[in-house]
Each structure stands twice: as C-alpha cells, then as structure tokens.
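The next block holds one structure in the form of structure tokens; read it before the comments.
In the numbering used here, the protein residues as written are 132 to 416.
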C-alpha cells in the first residue's frame with residue numbers, strides 16, 4: 132500500500148471525510164501565520180465541520196514566558212495545557228486530526244505538542260485545509276464548542292532539546308535548521324536580533340518536504356532529501372527553527388523518512404537572546 136495509508140502521522144482528506152461523523156475523531160483548526168496570527172476570522176468564514184479553533188499563541192504556547200529567555204513560543208505549562216485539551220473536548224483515547232491552511236506549518240505544532248503530552252493517535256490532515264476544499268467537501272461557519280473532555284497530559288513523551296544540548300548536537304550529531312534559506316544565511320530575518328544560524332547547523336527548510344499542494348512528499352523522496360542534506364542514519368538528528376513551528380513540521384517529515392528526530396523547540400529566538408552564544412552567517416554550517 133502507499134505510504135499515506137500505512138504511516139500513522141497523516142490522514143487524507145478523503146479518509147477524514149469518511150470519518151467526519153465518528154465520535155472518536157476530533158478535529159483541531161490551527162490557523163496561524165506570521166503576517167496574520169489571529170486565525171479566528173478565517174475559521175469563522177469556513178472550517179471543517181466539527182473542528183475546534185485553536186489559538187496557537189495562547190493555547191500552544193505560553194505568551195507570558197516569551198520575554199524571559201524562552202523564545203518566541205515557549206511551551207505551555209503542563210497544567211495549563213491539560214486545561215486546554217480538556218476545553219477542546221479531548222479524552223485522550225480518540226484520533227486527533229490537526230490542520231491549518233498553510234501547508235500544516237502551523238498545525239504541526241499541535242501535532243508535536245499533543246504527542247509530547249502523551250496522546251497516542253495524532254494525525255496531520257495531509258494537504259491541509261486546501262486538500263479538503265479542493266475535494267469540494269463541505270465547510271461550517273459556526274463556532275464549535277465541544278463538551279469538556281477528561282484527557283490527562285503526560286509531558287515528556289517526545290524528546291526535547293535544550294540550548295546547551297543544541298550547541299553540542301551541531302558538532303556531535305546532525306542539527307538541521309528548518310527556516311527559509313534567507314533566514315539561515317542571515318540575509319533577511321526580521322524575527323531575529325542577530326540574524327544567522329547556530330554554528331554547525333545545516334540548512335533544511337521545512338517547505339522542501341511538501342509538494343505545491345502542501346502534501347508531504349513520498350517517504351522515499353523525503354529520505355533521499357535528508358540523506359542528500361547530510362543526515363547520517365547512524366547519528367542522532369535534531370531540528371530547530373525560530374520558535375518550534377516549522378521545526379515541528381520537519382520532525383514529522385523526518386519521521387516519515389525513517390529518522391527519529393529531536394526538537395529544539397525554543398529555537399533560534401532563544402539562542403540569539405543569549406549574547407554568549409555565537410551565530411554564523413552565510414550558507415556554510
């Protein structure tokens with residue numbers, strides 16, 4: 132069978148449509164983008180029926196910790212995240228499907244955070260909302276407010292890299308930078324106080340793992356891509372971006388390619404706030 136039918140991280144629009152009335156399928160709409168971070172207006176204009184809106188800045192991050200050296204999108208406290216997932220109506224035993232309208236570069240954060248918190252079955256809608264609308268499946272426009280769920284958060288179910296470990300990782304294993312190339316080189320990075328990249332990191336933009344429609348490339352293509360970039364199957368691999376969004380997307384791509392990837396969630400936004408940590412510019416790792 133094709134890889135999209137066998138790997139647990141993805142769900143096609145057709146499969147989701149077939150299960151849209153299944154009470155064991157919960158859908159999360161995680162629309163967020165850098166130039167338009169408030170995605171609720173777009174959600175209310177049209178979303179997959181039954182989808183719960185997720186506010187990335189306030190539910191998938193802790194904005195109160197953003198100025199204390201933790202990066203732009205610090206992970207929420209486990210107790211806060213538990214309240215959040217219960218508010219989404221999750222019990223912990225269902226299949227959770229996450230999506231956005233930007234090639235899943237934002238919703239991947241929800242996938243990673245839920246997996247980190249111990250949810251066993253979390254899928255990304257392959258091709259994002261665009262795949263759903265391209266198939267001419269119906270949309271809803273009313274705010275969906277589910278009954279409170281009973282899910283318990285068990286943090287730490289996925290590995291997480293800290294800044295000191297990232298520094299060593301770049302020299303002892305493989306550290307990938309999932310940001311666009313111009314941010315890696317330092318040519319254009321309005322989000323960083325010190326443009327460039329972590330010394331030793333390899334440029335591997337997250338957008339290179341999907342096709343023009345936002346669907347993940349076939350697993351064998353992803354594996355060839357990462358091998359060509361310098362990922363060594365015999366060494367650990369970690370990935371970062373500015374604040375754990377694009378890099379979470381790359382964790383999915385690496386998993387699809389057959390690699391076990393570690394996330395440096397705080398990312399470059401944390402790294403550059405410490406003046407003691409050096410940065411590199413240009414294409415050279």
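Yeah, the Cβ is synthetic: ideal placement off N, Cα and C, and Gly gets one too.
Treat the numbers as computed from the prediction; the structure is a model and nothing was measured.
Nearest-angstrom Cα separation, counted from residue j out to residue i
i           : j           : result
residue 350 : residue 388 : 5 Å
residue 229 : residue 355 : 27 Å
residue 338 : residue 140 : 17 Å
residue 226 : residue 250 : 9 Å
residue 151 : residue 231 : 17 Å
residue 375 : residue 277 : 28 Å
residue 263 : residue 406 : 45 Å
residue 411 : residue 314 : 11 Å
residue 372 : residue 215 : 25 Å
residue 179 : residue 204 : 26 Å
residue 288 : residue 246 : 7 Å
residue 176 : residue 298 : 44 Å
residue 244 : residue 317 : 28 Å
residue 265 : residue 184 : 21 Å
residue 259 : residue 353 : 18 Å
residue 377 : residue 368 : 16 Å
residue 393 : residue 383 : 11 Å
residue 283 : residue 192 : 18 Å
residue 360 : residue 295 : 24 Å
Buried versus exposed call for residue i [16 or more other C-beta atoms within 10 Å across all chains shown]
i           : result
residue 281 : exposed
residue 415 : exposed
residue 334 : buried
residue 142 : buried
residue 190 : buried
residue 326 : buried
residue 274 : exposed
residue 160 : buried
residue 279 : exposed
residue 413 : exposed
residue 153 : exposed
residue 319 : exposed
residue 409 : exposed
residue 147 : buried
Per DSSP, cross-strand counterpart(s) of residue i
i           : result
residue 160 : 184 and 230
residue 420 : No answer is possible for residue 420: the residues shown for the chain start at 132 and end at 416.
residue 328 : 411
residue 141 : 255
residue 167 : 164
Extent of the continuous alpha helix (DSSP H) run through residue i
i           : result
residue 370 : Residue 370 -> not in any alpha helix (DSSP H); beta strand (DSSP E) instead, spanning 368-371.
residue 343 : First-last for residue 343: undefined, no H or E at that position.
residue 383 : 377-387
residue 211 : 209-218
residue 398 : 398-402
residue 236 : Per DSSP, residue 236 belongs to no alpha helix (DSSP H) and is neither H nor E.
residue 146 : 144-149
residue 172 : 171-176
residue 414 : Unbroken run through residue 414: none, as it is neither H nor E.
residue 356 : 350-360
Where the beta strand (DSSP E) containing residue i begins and where it ends
i           : result
residue 394 : 392-394
Proximity test, Cβ basis, 8 Å: residue i and chain D
i           : result
residue 372 : Absent from the structure is chain D; it holds one protein chain and no more.
For this session: For the region 255-323, list the beta strand (DSSP E) runs that are entirely contained and at least 3 residues long, ordered along the chain.
Result: Inside the region 255-323, DSSP marks whole beta strand (DSSP E) runs of 3 or more residues at positions 305-308, from first to last along the chain.
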